[in-house]
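Asks:
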Amino acid sequence: MRDLKPYAERCLKKIDVLKIRRAKDIQFKINTRAKTRLGVCKKTGQSYLIEIASALLDERVPESELENTLLHEILHTCRGCMKHTGKWKQLADKVNAAYGCNISRTASKDALPEELAHKPRYKVVCPNCGAVYERYKRSALIQHPERYRCGKCGGRLDARC
Ligand SMILES: [Zn+2]
Ligand SMILES: [Zn+2]
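Quick note on numbering: the sequence shown equals residues 67 to 227 in the numbering used here.
#1: Determine which residues share a DSSP beta bridge with T143 and list them.
#2: When the Cα atoms are used, what is the spatial distance from V83 to Y165?
#3: Looking at C-alpha atoms only, which residue of E200, R87, A158 and R171 is the closest neighbour of P186?
#4: Cα separation between P211 and T102?
#5: Give a single yes or no on whether K218 has its beta carbon closer than 6 Å to a heavy atom of ligand 2.
#6: Would the beta-carbon of A197 be found less than 6 Å away from any heavy atom of ligand 2?
#7: Going by C-alpha to C-alpha distance, which of T98, A89 and E75 sits closest to M67?
#8: Give me the pocket residues for ligand 1, defined as CB within less than 6 Å of any heavy atom, sorted by chain position.
#9: Quick check on Y199: does DSSP put it in helix, strand or coil?
#10: In the region 102-148, which residue ranges form an unbroken alpha helix (DSSP H) of at least 4 residues, counting only runs that do not cross its ends?
#11: Can you give the Cα-Cα distance for K85 and E125, rounded to whole angstroms?
#12: Distance check for E139 and E129, CA to CA, integer angstroms please.
#13: Under 8 Å, with one C-beta from each stretch per pair, do the region 149-168 and the region 104-124 reach the 3-pair mark?
#14: With a CB to CB cut of under 8 Å and the five nearest residues on each side skipped, what residues in its chain are close to I169?
#15: Roughly how many angstroms lie between the CA atoms of C219 and V191, to the nearest whole one?
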């Protein structure tokens, strides 16, 4: 597991070097329950809380993904930057141009290696041999398993979960 703090500090510095006016009071926290979003920025009064999905602190994830997410969220603390358009977008372009990074409007778990991303939500189990077919979306197989046969044993499939 990486330590969040040095990465957060490095990213704050990158923003400051470009003379971008961000909030002074920013707390960083690791979110272990994040489902799809890699980062969240919340405002309470004059202070901001940035939550970073714990998956990004895994050493198998490229450091750049962690930094892109931190920079993305830090930019939300700038005045008038809670949306991904207008000023936020201009600042993101500026940071991307300065550091060759890739801050995007949306940062989802799709950016992560497969094994770290969210688990498939749907599955069909072959009642005959127990083979499991997992899907991220409600595909035809999930909706109508009776139309399909098991790829392993040729048996009829049945919906589970
Ligand atoms: Zn955002
Ligand atoms: Zn089977």
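Note that beta-carbon positions come from the ideal geometry of N, C-alpha and C, so glycine has one too.
Replies: Let's see:
#1: Here residue 143 refers to the residue found at position 77 of the sequence shown. Looking at the DSSP assignment, T143 forms no beta bridge with any residue, so it has no partner.
#2: Indexing the sequence shown from 1 puts residue 83 at position 17. Indexing the sequence shown from 1 puts residue 165 at position 99. Roughly 11 Å between the two C-alpha positions.
#3: Position 120 of the sequence shown, counted from the start, is the residue given in the question as residue 186. Nearest option by C-alpha distance: E200.
#4: Position 145 of the sequence shown, counting from 1, holds the residue named residue 211. Position 36 of the sequence shown, counting from 1, holds the residue named residue 102. When only Cα atoms are considered, P211 and T102 end up about 27 Å apart.
#5: Sequence index remark: in the sequence shown, residue 218 carries index 152 (1-based). Indeed, a heavy atom of ligand 2 lies less than 6 Å from the Cβ.
#6: As a first step, residue 197 must be located in the sequence shown, where it is residue number 131. Yes; taking the cut-off as 6 Å, the Cβ of A197 has a heavy atom of ligand 2 nearer than that.
#7: Within the sequence shown, residue 67 is the residue found at index 1, counting from 1. Among T98, A89 and E75, the Cα nearest to that of M67 is on T98.
#8: H138, H142 and H150
#9: As a working mapping, residue 199 is identified with position 133 in the sequence shown. It is a strand residue.
#10: 129-141
#11: Against the sequence shown, residue 85 aligns to sequence position 19. Against the sequence shown, residue 125 aligns to sequence position 59. If I take the Cα positions, the gap works out to 31 Å.
#12: Within the sequence shown, residue 129 is the residue found at index 63, counting from 1. Within the sequence shown, residue 139 is the residue found at index 73, counting from 1. Looking at the two C-alpha atoms, the distance is approximately 16 Å.
#13: no
#14: Residue mapping note: residue 169 aligns to position 103 of the sequence shown, counting from 1. Hits under 8 Å: N134, L137, H138, L141, A158, V161 and N162.
#15: Taking the first residue of the sequence shown as position 1, residue 219 is located at position 153. Taking the first residue of the sequence shown as position 1, residue 191 is located at position 125. Cα-Cα distance, rounded: 12 Å.
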